[in-house]
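Just below is one structure, and these are the notes that go with it.
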Amino acid sequence: MLHRLTLFCGFRLARAEPFERAIRQFELQHDDFYFVQIGAYNGVTSDPFLRFIIEGLWTCVLVEPQRRHWSILQAIYSDRENITCSNTAVSTENKVAQLHMVREDAEGLPHWASQLASFRHDVIAGHEDRIPGICELIVTQDVECRTLAALIQEHQLPRVDLLAIDVEGYDFEVVKQIDSLYHKPRFIYYEHLHLPAEQYRESLAFLAERGYQTHSVNEGDTFAELKD
141 MLHRLTLFCG
151 FRLARAEPFE
161 RAIRQFELQH
171 DDFYFVQIGA
181 YNGVTSDPFL
191 RFIIEGLWTC
201 VLVEPQRRHW
211 SILQAIYSDR
221 ENITCSNTAV
231 STENKVAQLH
241 MVREDAEGLP
251 HWASQLASFR
261 HDVIAGHEDR
271 IPGICELIVT
281 QDVECRTLAA
291 LIQEHQLPRV
301 DLLAIDVEGY
311 DFEVVKQIDS
321 LYHKPRFIYY
331 EHLHLPAEQY
341 RESLAFLAER
351 GYQTHSVNEG
361 DTFAELKD
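Structure below.
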């Protein structure tokens, strides 16, 4: 009956993922919600938090080092005062670092190829089985980097409620930086797909030691919630 009623009104019921329900429950119990996304890409493609962001209730810092995609991100949210789009990367130091990515003018590639950008050349080159000759298409670009703590301080966030990370194999390096924050994020969502198996186990142990409960969202992402 509920399905029929919602369809009649032009909507469709869908089961929410457990991580979405946890975030929503916390969000409804707090007046403010602070979201930092490292590796935001264009803000739309395969973004698990898009539905939350467009509601306009979160204070967001969306970080994307690839300038072409940051420009799209900036254009999409240019009228949102609660959303800041930062054309930087997060690293272990405030410095300029080399980011490896697929050439913009490369033709005949799958749509997701432009999402490949990493400090680790081997992660991009590791897609040879799906993109033959990809090593010849990799280019390097200098990008401004901030530590996670410096980024949060720069944007004057009182805390981070949700930290999302999708940085193609560099994710654990960002996760470890929560130790430098005054308040640990309530939620962490990070991509483990490109982490070596041993490093992924280390990331789970690292989070468990700090009071987080973790579970795999899918084959490539992990969600962590800090328990009271």
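Count along the sequence shown from 1, add 140, and you get the number used in the working numbering. Virtual Cβ for every residue (Gly too), placed ideally from N, Cα, C. Keep in mind that this is a model prediction, so the values were computed, not measured.
Whole-angstrom C-beta distance between residue j and residue i, which should lie under 8 Å
| i | j | result |
| --- | --- | --- |
| E210 | C225 | The residue asked about is misnamed: residue 210 is Trp in this sequence, not Glu. Confirmed, Cβ separation roughly 6 Å. |
| A304 | I216 | With 8 Å as the limit, A304 and I216 do not qualify as a contact, their Cβ atoms being about 17 Å apart. |
| L302 | F175 | 5 Å |
| I274 | H240 | Actually they are not in contact, since the Cβ atoms of I274 and H240 sit about 11 Å apart, beyond 8 Å. |
| L335 | D311 | 6 Å |
Range of the contiguous alpha helix (DSSP H) that encloses residue i
| i | result |
| --- | --- |
| E160 | 158-168 |
| A304 | Taken as a continuous stretch (DSSP letters only), A304 belongs to no alpha helix (DSSP H), being part of the beta strand (DSSP E) at 302-305. |
| Y174 | Unbroken run through Y174 is the beta strand (DSSP E), 174-178; no alpha helix (DSSP H). |
| I264 | 261-265 |
| A246 | No alpha helix (DSSP H) holds A246; DSSP gives it neither H nor E. |
| E313 | 311-315 |
Beta-carbon proximity of residue i to residue j, cut-off 8 Å
| i | j | result |
| --- | --- | --- |
| N222 | G183 | no |
| F363 | F173 | no |
| E117 | V242 | Given a span of 141 to 368 for the chain in the structure shown, any question on residue 117 remains unanswerable. |
| P205 | A229 | yes |
| Q353 | E365 | yes |
| R350 | K324 | yes |
| E247 | R208 | no |
| I271 | A257 | no |
| A180 | L142 | no |
| T146 | R152 | yes |
| A348 | L321 | no |
| T185 | Q238 | no |
Residue i in three-state terms, based on DSSP
| i | result |
| --- | --- |
| E331 | strand |
| A154 | coil |
| D368 | coil |
| H143 | helix |
| Q255 | helix |
| I194 | coil |
| L239 | strand |
| S186 | coil |
| C149 | coil |
| A215 | helix |
| A229 | strand |
| D361 | strand |
| L344 | helix |
| E308 | coil |
| E338 | helix |
| D269 | coil |
| L321 | coil |
| Q206 | coil |
Residue i - containing beta strand (DSSP E), residue span
| i | result |
| --- | --- |
| Q353 | 352-356 |
| E284 | 278-286 |
| S226 | 223-226 |
| L297 | Careful: L297 lies outside any beta strand (DSSP E) and carries neither H nor E. |
| L202 | 199-203 |
**Asked** Should the region 281-300 be called in touch with the region 230-245, which here means at least 3 C-beta pairs below 8 Å?
**Response** Inter-segment contact for the region 281-300 and the region 230-245 is present: three or more beta-carbon pairs are separated by less than 8 Å.
**Message:** Can you confirm whether the region 155-169 touches the region 320-339 when touching is taken to mean that 3 or more C-beta pairs between the two stretches lie within less than 8 Å?
**Reply:** Below 8 Å, enough C-beta pairs join the region 320-339 and the region 155-169 to call them touching: three or more.
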